[in-house]
Each structure stands twice: as structure tokens, then as C-alpha cells.
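Undergrad: Sequential numbering from 908 applies to the first sequence in the working numbering. We put the beta carbon where it would ideally sit given N, CA and C, even for glycine. Provided herewith is a single structure, encoded as C-alpha cells, for subsequent inquiry.
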Amino acid sequence: MKLDRDFYQRDDVVEISRDLLGKVLVTHVGGVITSGIIVETEAYSWKERGCHAYGAKHTPRTSVMFKPGGRAYVYLCYGMHHLFNVVTNREGVADAVLIRALEPLEGIDAMMARRGDKVKFHHLTSGPGKLTRSLGIDRSLNGKLLSDNEIWIEEGKRIPASQVEVSKRIGIDYAGEDALLPWRFTIKGNPWVSKA
DNA sequence: GCAATGATTTACT
DNA sequence: GTAAATCATTGCC
């Protein structure tokens, strides 16, 4: 069952980030369903420097983050990798959760086909750029409603607090002290969590 | 209009 | 472990 907009439109992006662990991200791209269990997330908010919309800055790229929670924010990083985020909070507040790693569930054959024969199974979705390529996510999905039939998130298993690990976010050293915020959530011991 | 750079991955040494 | 690949977005001229 798809998560409804009340889940996304809460005002604490860090709490939503933690709640997304164990949920299932599903894409329906090119006639194929692919899905995976979310095992790693990071929270981003306009209030801190790690976020593209820091200081509530509107640009063409960040505009989707200001929309009401429950949309996809997809953008290109390092010229070659798509990163997938979930927009949260109410209209006008630019918060989002980056999905960093999944445990493959459905459509594993299709994921392998998208990645090429050489890819190792355990490299399919163990990183933010890898999971978007395996699930067929690209910028054409930017701004899509997660209630539509191309990409959405379903209810999954509940992760007990004892299995949730918190740490600082990765790859945002330029954000100064905001890079130290404990806003990265992973499932403890899960082999699909990306390596730092 | 142009140059700098990044929420990463992969292939090599 | 280190470096190259590669381009949309951004900020400044």
C-alpha cells in the first residue's frame, strides 16, 4: 500500500528520514516494475548548508523542493549520476530526504539488464547513484507525484529503534559544521548500506 | 556568456 | 589508494 501524503507532509524531515527505513521504493519505468527496501537515507533541510535550497533559495533546480511533500526530486550529480530524493513538508518549505541505498526486492533481472552483465549483484543498489540507474530513475521523473504510477513508496516492515544506526551525512564536507549533523540513517548490519 | 564545481562511481596503479 | 569521467546548475562578468 502506497504511503499517503500525510506521511510526507509532516514538518520534521529528520523523523520522516528515519521512518523511511524499511519502506519499499517502487518504480514502473519502461513497462517493468523494480523495487527495493530502503536501508539508508539522509535528511536535508533549507535551514542548513548541505541542502541545495539552503536559505530558502529558489532556483529552477530547487523549485520542486518547495512544493508540498510527496514528490520526487531527481537531479544530476558529478555530470553522470542521478540522485533520488523525496520532497517533504508543506508547500513553501524546502525539505527532502535522499535515498542512498536499497535492498533489491522485485525486478532484479531488469536491474541487472540495466546495469550490464558485468555488475556484481551486491553493487546493484548499494549507493545513491547506483540505485537510480538500477531502478531506471532519471531526470524525467523529477517533480513526479509519488502517488502516481511511475514511482512511489509502499509500506514495508517496521524497523525497531535498536536496529537503526545514526551518523553524519556523506559527501558534504563543504557544508562546514552542518556536515556534522547526525541526519544519516541506516539499518544496522544490513549488507546493502553503502560504504563511506 | 563563461568558468567552477559537485548529496558519486569505477577503473587503474 | 588515487584519479578520471562528465555536464547541469550556479554565480559572476
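Count the other CB atoms within 10 Å of the CB of Thr-966; is the residue buried (16 or more) or exposed (fewer)?
TA: Taking the first residue of the first sequence as 1, we reach residue 966 at position 59. Exposed is the call here.
Undergrad: Would you tell me roughly how many angstroms separate the C-alpha atoms of Gly-962 and Gly-937, rounded to the nearest one?
TA: Looking up residue 962 in the first sequence gives position 55. Looking up residue 937 in the first sequence gives position 30. When rounded, the distance between both Cα atoms is 37 Å.
Undergrad: Which complete beta strand (DSSP E) runs does the stretch 1031-1062 hold, if anything under 3 residues is left out?
TA: Segments of the beta strand (DSSP E) lying fully in the stretch 1031-1062: 1058-1061.
Undergrad: By the DSSP assignment, the beta strand (DSSP E) with Glu-949 in it spans what residues?
TA: Along the first sequence, one-based indexing puts residue 949 at 42. Unbroken beta strand (DSSP E) run through Glu-949: 939-952.
Undergrad: Tell me the DSSP secondary structure of Asp-1085 in three-state form.
TA: By 1-based counting over the first sequence, the position of residue 1085 is 178. Helix at Asp-1085.
Undergrad: Based on the DSSP output, what are the partners of Leu-1135 in its beta bridges?
TA: The question about residue 1135 has no answer, for the chain in this structure spans 908 to 1103.
Undergrad: If I follow the unbroken beta strand (DSSP E) through Tyr-982, where does it start and stop?
TA: Translated into positions along the first sequence, residue 982 becomes position 75. Segment 979-984, the beta strand (DSSP E) holding Tyr-982.
Undergrad: Would Ile-1006 and Leu-932 qualify as a contact pair, given that the criterion is a beta-carbon distance under 9 Å?
TA: Here residue 1006 refers to the residue found at position 99 when the first sequence is read from its first residue. Here residue 932 refers to the residue found at position 25 when the first sequence is read from its first residue. Yes, the pair counts as a contact, with Cβ atoms nearer than the cut-off.
Undergrad: Looking at the unbroken beta strand (DSSP E) that takes in Ile-1094, where does it start and where does it end?
TA: Residue mapping note: residue 1094 aligns to position 187 of the first sequence, counting from 1. Element bounds for Ile-1094: 1091-1094.
Undergrad: If you compare alpha carbons, which of Leu-1009, Met-987 and Asn-1049 is closest to His-1030?
TA: Position 123 of the first sequence holds residue 1030. Residue Leu-1009 is the option with its Cα nearest to His-1030.
Undergrad: Work out the CA separation of Tyr-985 and Asn-1076 for me, nearest whole Å.
TA: Counted from its first residue, the first sequence places residue 1076 at position 169. Counted from its first residue, the first sequence places residue 985 at position 78. It should be pointed out that residue 1076 corresponds to Arg in this sequence rather than to Asn. Taking the straight line from one Cα to the other gives about 18 Å.
Undergrad: Lys-1095 and Glu-1072: beta carbons closer than 9 Å?
TA: Position 188 of the first sequence, counted from the first residue, corresponds to residue 1095. Position 165 of the first sequence, counted from the first residue, corresponds to residue 1072. Yes, the Cβ-Cβ distance between Lys-1095 and Glu-1072 is below 9 Å.
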